[in-house]
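Before any comments, here is the structure.
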Amino acid sequence: MKLGHGTTAVWSAQLRWEPRITRGPATEGMDVPGTRATSSVDLAEQLEEEIVLGLRYPRERLVEDDLMARFDAKRHAVRSALRELETRGLAERRPNAGAFVRSYTAKEVRDLYAVREILEVSAARMIDLPAAEGCVEELTELQHRHDSAIEAGDLRAVVRANMAFHDALFALTDNTVLTQTIRRHARMAHAMRSVTVTSPDFLDRSRREHWTMIEALRGGDPDLLADTCRAHLLPSRDAYLSRVAGALD
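The opening residue of the sequence shown carries number 937 in our numbering; numbering runs sequentially from there.
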């Protein structure tokens, strides 16, 4: 089963896939057909997905000519997309060296997740409970989409459905500035999430926690909602620190 560019799923006897992700198209040994990006925004979205899927690694150089060929895009569109990635906290530009996927030290990872915990737990406690049935139904539908993507082994759809779920959840605060701030800091953590997004065990935990959040919204349990939102952040942080961050300090 193909999971998108450079990603293949292998099913086990328990019908669990085990995705194997090769390096991104700008790296050595990659044989991936180009995908046309219709705009700089579209290109930025595709590069963002490649970062969260682990197809582009922290400190990997984002070469303009390679991206132009990869996405059949004009140079101005590539440069605009790279600026957008910088704005999202996903890329950084170095003098006389170009753009790179942003890397984080272990301390920066801990600091980022500490801020995310403050934001997301506070947001969870701001939501009026029990949530309106229409809101619960919307989140339920989004979570069914997330479940289906996991079961199909479609990692790109998993990422999109997960982001949609959390956007809808925190939109219940009715605070646009807070919702946008949460989204920005979640995006900054994409490189960390790449460590867990290919793990069936982590994905199973993620979707079970989503259902617990829905249960808390429906049942009017603010402590359950806040505690689940807090616990939901831990796997990607801890896995990244365990496997990657030490080498980046």
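By construction, the Cβ of each residue, glycine as well, lies at the ideal position given by its N, Cα and C atoms.
Classification of residue i by the beta-carbon crowding that lies within 10 angstroms, buried from 16 upward
i: D1159; result: exposed
i: G990; result: buried
i: Q1079; result: buried
i: P969; result: Model confidence at P969 stands at a pLDDT of 36, short of 50, so the residue's coordinates are unreliable; what they give is reported in the following sentence. Its Cβ having fewer than 16 others within 10 Å, P969 is exposed.
i: R1120; result: exposed
i: V1045; result: buried
i: A1005; result: exposed
i: A1162; result: buried
i: R1173; result: buried
i: R1011; result: exposed
i: L1021; result: buried
i: G1156; result: exposed
i: A1068; result: exposed
i: P1031; result: exposed
i: I1150; result: buried
i: D1090; result: buried
i: E1073; result: exposed
i: E996; result: buried
i: S976; result: buried
Sequence-distant residues of the same chain with beta carbon closer than 6 Å to residue i, five excluded per side
i: C1165; result: E1056, V1057 and A1060
i: G960; result: At G960, the pLDDT of 37 sits below 50, so the modelled position is not reliable and the matter cannot be decided from this model.
i: L1003; result: V1014
i: L951; result: Low confidence applies here, because L951 scores a pLDDT of 29, under 50, leaving its location unreliable and the question unanswered by this model.
i: T963; result: Confidence at T963 is low in this model, with a pLDDT of 30, below 50, so the placement of that residue should be treated as unreliable; the coordinate-derived value is given next. No residues qualify anywhere along the chain.
i: G940; result: Its pLDDT being 37, under 50, G940 is placed unreliably in this model, and the value from its coordinates should be taken loosely. Taken in chain order, the residues that qualify are R1092.
i: P1171; result: T1132 and F1138
i: R1040; result: Contrary to the premise, residue 1040 reads as Tyr rather than Arg in this sequence. The answer is none, since no qualifying residue turns up.
i: A1097; result: R1081, H1082 and A1085
Residues bridged to residue i [DSSP beta-bridge criterion]
i: A1027; result: V1037
i: R997; result: F1036
Endpoints, the alpha helix (DSSP H) within which residue i is located
i: A1068; result: Run containing A1068: none; DSSP gives neither H nor E here.
i: I1063; result: Counting along the chain, I1063 falls outside any alpha helix (DSSP H), and DSSP gives it neither H nor E.
i: S976; result: S976 to V988
i: R1144; result: P1136 to G1155
i: D1001; result: E1000 to F1007
i: L1105; result: L1091 to A1107
i: R1125; result: First, the residue type needs correcting, since residue 1125 is Ala and not Arg in the sequence shown. Where A1125 is concerned, there is no enclosing alpha helix (DSSP H), given that its DSSP letter is neither H nor E.
i: R1173; result: P1158 to Y1176
Closest by C-alpha distance to residue i, when choosing among the options
i: E984; options: H1012, F1036, D1001 and D1008; result: F1036
i: T1115; options: M1099, M1128 and A1127; result: M1099
i: L1105; options: V1131, W1147, R1129 and T1134; result: W1147
i: T1117; options: D1008, R1030 and T1023; result: T1023
i: D1103; options: S976, D1083 and L1075; result: L1075
i: S1130; options: D978, L1026 and D1001; result: L1026
i: E1028; options: T1134, M1124 and Y1049; result: M1124
i: H1082; options: C1071, P1066, F1101 and G1070; result: F1101
i: L1169; options: G1070, E1053, E1077 and A1097; result: E1053
i: A1175; options: E1077, A1152, Y1049 and V977; result: Y1049
i: G1070; options: A1088, L1153, F1007 and R1179; result: L1153
i: V1051; options: R1141, S975, A1122 and S976; result: A1122
7 Å Cβ shell around residue i - same chain, five flanking residues per side excluded
i: I1086; result: V1094, L1139 and R1143
i: L1018; result: L998, A1027 and A1035
i: L979; result: A973, F1007, A1009, A1013, V1014 and A1017
i: R1141; result: P1171
Cβ neighbours of residue i in the same chain (closer than 8 Å, five flanking residues each side left out)
i: N1111; result: A1059 and M1062
i: V988; result: V1095, H1126, A1127, R1129, S1130 and V1133
i: A1167; result: E1145
i: D1064; result: L1108
i: A1033; result: R997
i: R1179; result: V1131
Closer than 7 Å: residue i CB and nearest the ligand FAD heavy atom
i: R1029; result: The ligand FAD is not part of this structure, which contains no ligands at all.
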